[in-house]
Amino acid sequence: MSRNISIKSSIDWPIVFLYLALVFLGWLNVYGASYDYDQTSIFDFSYRSGKQFIWIICAIGLAGIILLIDSRFFQSFSTLFYILMILLLIVTAVVAPDVKGSRSWLVLGPLSIQPAEFSKFVTALALAKAMSSYGFKLRSFRSYLITGLIIALPALIIIMQKETGSALVYAAFLLVLYREGMPGLIPLIGFCCVVLFIIVIRFSDVPFAGVEAASTGLVIAFILMLLVVLVFLFLYKSDKETLKYLSLGYLTLYALAALIHLTGWISVNFLYVSLFCISASVIYLCVNAIRFRLRHYWLIALFLVGFTGYCYSAEYIFERILEPHQQMRIKVVLGMENDPRGVGYNVNQAKIAIGSGGFFGKGFLNGTQTKLKYVPEQDTDFIFCTVGEEFGFVGSVALLMIYMFFLFRLIRMAERQREPFARIYGYSVVGIFFFHIAINIGMVIGLAPVIGIPLPFFSYGGSSLWSFTFLLFIFLRFDISQTARVH
Amino acid sequence: MINDSFSNRQYVIRIFIAVLLAIFVIQLFNLQLIKDYGEQADSNALLRRTIYAPRGLIYDRNGVLLVYNQPTYDILITMHELRVMAKNKTPLDTLELCKTLSITKVEFDKRIKEVKHRIGYSPRVPQRFITQLSPVEYAVLQEKLHRFPGFTIQSRTLRNYTYPVAGHALGSIGEVSRWMIEKDPYYKQGDYAGVSGFEKSYEVALRGQNGVEILLRDVAGRIQGRYKKGEFDKAAVAGDNLTVTLDIQLQILAEELLQGKKGSVVAIEPSTGEILAMASNPTWNPGLLVGRERSHNYAVLLNDPTKPLLNRATQGTYSPGSTFKPLQGLVCQQEGGITPETLFACNGPSSSPIRCTHHHGSPVNLESAIEQSCNPYFWNAYRETLEKGGYGDRNANFKANYERWRNDIMSFGLGPKFKDSDVPDQVNGSVPSIKTYDKWYGARGWRAITIRSNSIGQGEVQVTPLQLANSVAVIANEGYYITPHLHKCDSMLNHKHVSLIDKKYFPVVKQGMWRVCEFGTGKWYKLDSIPMCGKTGTVDNSHGRPHSLFVGFAPKDNPKIAIAVVIETSGFGATWANPIASVLLEQYLTGTVKRTELVNRLKTSVTDPDVKKY
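These protein sequence lines map, in sequence, to chains A and B.
Under the numbering used here, think of the first position of the first sequence as 1, with each following residue one higher.
Under the numbering used here, think of the first position of the second sequence as 1001, with each following residue one higher.
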């Protein structure tokens, strides 16, 4: 009795309400997306909306069970869960039948489940456990090795199952590491890597200023790098001189090159100009580093050298390491290829469906594009199309707002945890949900490459709904213990 | 609290989330509010299917149904569905289908290839595969249709005819040409429209307005229902039912009488300009130019050397011969060349410069000249008219007289075709202008004697049978005509054209024409009870026997019907054209023909063995 009362009074009702709202709206949209003109009832179990209804009831039941379990249970057995999970993933990779090229579905009689879905919260628990252990600090090489291993191991096995999309979700744990003290430089470098990669690839075929040998992508990337160096120097207050000389030097050199180019006397290769700027800066920074004994200048010089090499190898990475269909997806997102019949078909149809929704949408069950199955995977990965088509701009933005409230609420809850374990787990939850939402919606509206991962609580499917429910309600359980203790 | 020095990083994370979602909102704004995907979405999902409007029916002047519609069925093919079936390892049973449609596999493949190469071909849009199945063929296919997914049936209508006559006048329906589609965006490839005759003249009224039904089509091309429950569908509006001026019994008789002959008949109600019959032989059964047999039959007709497709009534031009003489008599009176009392001598066949065909009492006045068809009389009358007041300086006086004569003649509807008429496929007749003669003979190189053949209708004047019938209608009306037309409606009655001939000159000419039928060349085929006026014509023809012509009207007072008959290369006007006209007048005026023996003789006699019956 006392436990029930404590759950009632200590549970975070806003998040429960948001969860129920999302699940309910998701169910309506599964009905809308899988609806055909013969279906009469949303509860018809031969249709997906009917099945989703069963998944939802079960999920709520499971959530209730989780709330009844002592939070220490999850904490104590997290390592064991993790080991069992890794074993299950390996077994799955070996025995699972080939379903559309993926070996991730374990078929048990009439039920088929995707262990990869459940490995997310297990990994989150294991990570929380490791990072909250006594004396753990994200400083040493060893600490990074441990966290890296915990995250990468399931991801690698899932890649072996040919579910690259699900494996990418593990990148979401970077958010946790950042919150727990990973130097901000690392995500910044990661961010630079992504931006420079996109620029180099996107403009690799465009000659700069009419010079065939100068790739526009590289020139822009190098100029951006020089600007970043100037920003670094600007933020580093003690030495204004270096900043002054470097910025003046860049300005003079590029202005001169542009002037010569415009007179038409010689057509200037701006790639060489940029490379000259970079090498001159590196030498200058090294000299200053020795002269003034400034460790940061070494790092900035290293940044320049490293990213120059990275930019040159980006094309190599793109063409040699990525597989052709992955290259194609990226090219479609970057607008380099227009392929409405092939890889771009899904996204093109998704854009048509969403775009035709207009401001208020066509109304529930009135979307023609989704009803007539023009968007593939419209009740799973592309479910956001139904929202866009039937509820329009208003409905889509409203859904984004709900997700934002949901994530912000989770962050607030994570921050109020006193135990690092619960906080770290909480941020894992935030990271995983955010990654799913960002990549899924980004993909559907054409801002991210096509990566097949579900939209939390919306996409049809028992495995994903249950796994998200586990993920969320285990965190809720920790939160209840915490709140109860405070009271 | 442990390790909380990084608590501020939650704000970085919050901002990051907010910025990313803001970017999504911007992209949604762009997709949903700025770009317009509505059209693309519609072309994905909506299938506009045409509902063909039933074409208007055609009745004769007495309300007899002449042209109506019969159902026919087109087979449509959706290539995408065949592909899907092949992919699902359940390919189409081609042999079975070929057997059902009674076509060969080779033909089947040929048609598939043809379908794929069509302009605007789309694998998801049903394409016409075989057109115009008969109801019987349709019934056979209908039973098995479920076994051939990808094939659907669209029903349409074909023209059907109560009587196998009036092909030229009614015209036919054919597939629209590229040129027609460009001119009128109403048509789409594969549509049918009137391409000749009445069907062509009244295409817009007869076709009605096709409707459209908007259907929802899923990604596999299957129809999933109506868009918005049919809210935006448009019902087809049936074409107007129209009445033609033809009297179908008269038309049937006319065509029967023309059997075995090359020639044409035009009958007009003088008071209204309504065409009572318009027949041209050789002709065809209009039912032959319908449906799948159309193109085959059309080619046969096109290649027949007797030119059955030519509407001799409106496209044949002939010298009017002696049928021109009543007009000549009127114009010469009007221009003061003669009076009814003027006498000219005739020496029979030894007359000069124009011989007469036979000896008769001499001299003759106008009335007798018409009765006797006296060539010298009309030559003298013509000369008097043109030379009135002498030739003048540089023939100016003569040319002015000629110009007046020409205008008078043209006021009978001769010369250019009737521009305000709905009769299709007319050609121009000809009344030569001064310019033409100047070009031929030099400005002062021609005189009355040069163009003397005009006086007896054997010169350069050329008329169509329609014009000839109309000119007789002017005489019957004593001075005007209503443009001859085929659509029975009040508005056409406003097209009244008054001739340049004073009313007072007509009785004597009418009297002469009555005498032709009482005592002259037409006396053998006069009507028992009804006084009839007429004029035979025998026109020299360099290709063989002369053309046989007859013009006439009846009754003499208050005429109800004017007629022109031309039988090519057959003999005297009195031999063929006159009896045919006489029988037709009797039919129209009394509703029956008592002279059955004559009718049978005319129906069975052949003047041109090359003429075939279609």
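Each residue gets a CB set at the ideal place from its N, CA and C atoms; glycine is no exception.
None of the values given here were measured: they were computed from a predicted structure.
Item                                                                                                                                                                   : Value
Of all the options Leu465(A), Gly363(A), Asp479(A), Ile480(A), which has the alpha carbon lying nearest to the alpha carbon of Ile19(A)?                               : Per the sequence shown, the amino acid found at residue 19(A) is Tyr instead of Ile. Among Leu465(A), Gly363(A), Asp479(A), Ile480(A), the Cα nearest to that of Tyr19(A) is on Leu465(A).
In whole angstroms, give me the CA-to-CA distance for Pro1507(B) and Asp1184(B).                                                                                       : 51 Å
Three or more C-beta pairs closer than 8 Å, one from the segment 324-336 of chain A and one from the segment 236-250 of chain A: is that the case here?                : no
Return the Cβ separation of Leu1366(B) and Ile1338(B) in integer angstroms, given the expectation that the two are a contact with Cβ distance under 8 Å.               : 6 Å
Does the structure place the segment 298-307 of chain A close enough to the segment 225-236 of chain A that three or more beta carbon pairs sit under 8 Å?             : yes
Buried or exposed for Glu163(A), please, with buried defined as at least 16 other CB atoms from any protein chain shown within 10 angstroms of its CB.                 : buried
Starting from Glu1156(B), follow the beta strand (DSSP E) in both directions and report where the run begins and ends.                                                 : What sits at residue 1156(B) in the sequence shown is Arg, not Glu. Unbroken beta strand (DSSP E) run through Arg1156(B): 1151-1161.
If we cut at 8 Å on Cβ distances, does Ser1264(B) have a partner in chain A?                                                                                           : no
Quick one, which of Ser34(A), Ile383(A), Asp479(A) has its alpha-carbon nearest Lys351(A)'s?                                                                           : Ile383(A)
Taking just the CA atoms, how far does Val333(A) sit from Ile1002(B)?                                                                                                  : Residue placement at Ile1002(B) cannot be trusted, given a pLDDT of 47 that sits under 50; what the coordinates show is reported in the next sentence. Near 43 Å, if we compare the C-alpha coordinates of Val333(A) and Ile1002(B).
Starting from the Cα of Ile158(A), find the closest Cα among Gly367(A), Thr92(A), Phe393(A), Tyr345(A) and give me that residue.                                       : Thr92(A)
Alpha carbon to alpha carbon, what distance is there between Ile1034(B) and Phe364(A)?                                                                                 : 22 Å
So, are the CB atoms of Asp1042(B) and Ser1196(B) less than 8 Å apart?                                                                                                 : no
Going by C-alpha to C-alpha distance, which of Gln1127(B), Asn1303(B), Tyr1480(B), Lys1535(B) sits closest to Gly1321(B)?                                              : Lys1535(B)
Please classify Phe491(A) as buried or exposed, where buried requires at least 16 neighbouring CB atoms within 10 angstroms.                                           : Residue 491(A) falls outside the range modelled here, since chain A spans only 1 to 487, and no answer is possible.
Is the CB of Arg179(A) under 8 Å away from at least one CB in chain B?                                                                                                 : yes
Could you name the residues that DSSP lists as bridge partners for Leu949(B)?                                                                                          : Residue 949(B) is absent from the structure shown; chain B starts at 1001 and stops at 1614.
So, for Ile1181(B): in the same chain, excluding its five sequence neighbours on each side, which residues have a beta-carbon less than 6 Å away from its beta-carbon? : Tyr1187
Could you work out which residues of chain B lie near Val397(A), taking near to mean beta carbons separated by less than 7 Å?                                          : Val1025, Leu1028
Output the boundary residues of the alpha helix (DSSP H) element that contains Asn1375(B).                                                                             : 1375-1387
So which residues of chain A does Lys1035(B) contact, with C-beta pairs closer than 9 Å?                                                                               : Lys351, Gly355
Do Phe1198(B) and Ile1058(B) have their C-beta atoms closer together than 8 Å?                                                                                         : yes
How about Ile1017(B): is its C-beta nearer than 8 Å to some C-beta of chain A?                                                                                         : yes
Candidates Ala1299(B), Tyr1318(B), Thr1317(B): which alpha carbon is nearest Leu1309(B)'s?                                                                             : Ala1299(B)
Along the chain, where does the beta strand (DSSP E) that runs through Ile1268(B) open and close?                                                                      : 1263-1269
Please report whether the beta-carbon of Arg1217(B) lies at a distance below 8 Å from any beta-carbon of chain D.                                                      : No chain D appears in this structure, whose protein chains are A and B.
To the nearest angstrom, how far is it from the Cα of Leu262(A) to the Cα of Gly446(A)?                                                                                : 38 Å
Less than 8 Å between CB atoms is the rule here; does Glu415(A) satisfy it with respect to chain B?                                                                    : yes
Please name the residue or residues paired with Glu1274(B) in a DSSP beta bridge.                                                                                      : Glu1269(B), His1485(B)
In its own chain, which residues sit with a C-beta less than 6 Å from the C-beta of Cys1098(B), not counting the 5 before and 5 after it?                              : Lys1105, Phe1108
How long is the line joining the alpha carbons of Gln1315(B) and Val1427(B), rounded to whole angstroms?                                                               : 5 Å
Our contact map puts Pro1465(B) next to Arg1312(B) with C-beta atoms below 8 Å; I'd like the distance itself, whole angstroms only.                                    : 7 Å
Quick one: complete beta strand (DSSP E) runs, 3+ long, within the segment 1301-1385 of chain B?                                                                       : none
For chain B, check one thing: does any of its Cβ atoms lie closer than 8 Å to the Cβ of Phe434(A)?                                                                     : yes
Have a look at Tyr134(A) and Lys120(A) and give me their C-alpha separation to the nearest angstrom.                                                                   : 24 Å
List the residues of chain B whose Cβ lies closer than 8 Å to the Cβ of Gly363(A), in chain order.                                                                     : Simply none; closest approach about 11 Å.
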